[in-house]
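Have a look at the structure below, then the notes.
Chains as they are written, first to last, in UniProt numbering: chain L, 1 to 195; chain C, 1 to 195.
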């Protein structure tokens with residue numbers, strides 16, 4: 001296959017929308033693992049792979065997440081079969097001798113927390129973009145959210161790990177009737193130029 | 001189509017790799033526009049769409065880019081038919097009354113440059129992830145790069161616009177013999193947990 005058929009472009013981009021209501025249909029742990037197995041194949045700088053994901057699927061996990069959610073995002077998050085807490089690891093550079101053995105590149109990152117954070121944010125967020133498309137490619141609907149209390153999520157789930165929370169994403173099988181009308185997109189000339 | 005066929009997963013994730021050498025085959029402007037038209041359909045917070053892209057395709061444009069490239073990224077960037085300068089707009093919030101008319105949300109972003117930058121970085125980088133997958137979906141090969149001088153690229157291309165440069169991506173039709181062996185990926189248990 002040299003490019004995707006039209007139906008694939010629709011599935012990933014043109015017909016897909018953010019979901020706010022969820023069918024009572026579980027997402028198997030194996031499928032969550034498959035999403036990440038696809039997403040992690042996407043490129044990162046020096047193959048650093050800073051993305052970290054906590055999948056909240058149990059009632060006990062949802063109860064820990066509940067107090068951190070904004071009012072508008074609370075009920076749908078409690079109803080979603082899985083909520084991914086997308087994080088990045090500020091100490092991703094510890095893995096570089098294994099992930100990028102051809103050169104010693106730890107020194108770009110381990111001398112300053114700012115340098116580590118800048119790269120972890122950029123590459124961990126790129127990986128989160130791959131993750132969303134991978135989830136759609138495997139038939140899941142997605143509901144990404146920034147409306148929550150980061151400090152509360154970190155307190156409840158990070159347990160001392162040197163990660164930072166980026167954003168949350170509900171995953172499951174959506175209710176089409178809860179999808180909003182398609183919001184407008186900017187025309188090419190307001191986003192881009194060719195020089 | 002409810003999920004992608006295996007060949008589509010290979011095209012986007014499993015078989016795709018970063019490219020370092022380029023065929024002498026141009027990328028039509030229309031195809032670059034199609035990539036962005038797909039990528040912009042992906043979700044962003046309050047539909048803010050902060051991604052901005054400068055596609056460098058002409059010899060004159062490449063000459064402006066040349067002094068900013070690191071040694072390891074210079075020659076392949078000069079050889080690529082197109083180099084995308086992926087940016088985000090710090091004043092994306094000016095478009096919110098048009099892009100998110102259902103509520104006035106400019107106040108989350110326009111009172112502090114830090115708040116605007118945090119959201120523009122997150123959502124603009126997510127869009128850059130969608131962009132890379134969209135390029136692959138349309139049959140292009142990608143070579144994303146962080147090894148360049150951001151200040152020089154900004155000076156040469158931004159011309160006073162309130163954007164920041166995120167990273168660069170060569171686009172075209174790659175030379176398979178210049179692709180590196182697949183680098184290792186982290187196993188699920190080191191990237192994720194299910195709670």
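Each residue gets a CB set at the ideal place from its N, CA and C atoms; glycine is no exception.
By the neighbour-count criterion, in which 16 or more other beta carbons inside 10 Å mark a residue as buried, residue 71/C falls on the exposed side.
For residue 4/C and residue 111/L, the gap between their C-alpha atoms comes out near 42 Å. In this structure, residue 106/L places its C-beta atom within 8 Å of the C-beta atom of residue 96/L.
Contact check for residue 22/C against residue 87/C fails: the beta carbons are separated by 8 Å or more. Rounded to whole angstroms, residue 80/C and residue 172/C show a C-alpha spacing of 6 Å.
Taking the C-beta atoms as reference points, residue 11/C is found nearer than 8 Å to residue 136/C. In this structure, residue 51/C keeps its C-beta atom at 8 Å or more from the C-beta atom of residue 115/C. Listed along the chain, the chain C residues whose CB falls inside 9 Å of the CB of residue 191/L are 36, 40, 49, 51, 52, 53 and 89.
According to the DSSP secondary-structure assignment, residue 85/C is paired through a beta bridge with 54/C and 168/C. About 5 Å separates the Cβ atoms of residue 32/L and residue 55/L, confirming a contact at the 8 Å cut-off. Our two residues, residue 126/C and residue 121/L, have alpha carbons roughly 11 Å apart in a direct line. Under the DSSP assignment, residue 37/C falls in the alpha helix (DSSP H) whose first and last residues are 29-39.
Residue nearest to residue 123/C within the set 6/C, 94/C, 45/C and 7/C is 45/C (criterion: CA-CA distance). Selection 19/C, 109/C, 118/C and 176/C evaluated against residue 166/C yields 118/C as nearest (Cα-Cα). As the crow flies, the alpha-carbon of residue 82/L is around 41 Å from that of residue 77/C. Under a criterion of Cβ atoms nearer than 8 Å, the residues of chain L adjacent to residue 3/C are, in order, 11, 137, 138 and 139. Residue pairing by DSSP places residue 193/C opposite 54/L in a beta bridge. Our two residues, residue 143/C and residue 47/C, have alpha carbons roughly 27 Å apart in a direct line. The three-state secondary structure of residue 59/C, taken from DSSP, is helix. Beta-bridge partners assigned by DSSP to residue 69/C: 148/C.
Under the 8 Å criterion on CB atoms, residue 164/C is classed as non-interfacial with respect to chain L. In the structure shown, residue 139/C adopts coil according to DSSP, grouped into three states. Residue 73/L is classed as buried because its beta carbon has at least 16 other beta carbons within 10 Å across all chains shown. In the structure shown, residue 174/L adopts extended strand secondary structure according to DSSP, grouped into three states. DSSP places residue 100/C outside both helix and strand once states are collapsed to three, so it counts as coil. Under the Cβ distance rule, residue 100/L counts among the residues neighbouring chain C, one pair being separated by less than 8 Å.
Per DSSP, the beta-bridge partners of residue 163/C are 89/C.
When the Cα atoms are used, residue 183/L and residue 100/C turn out to be separated by approximately 7 Å.
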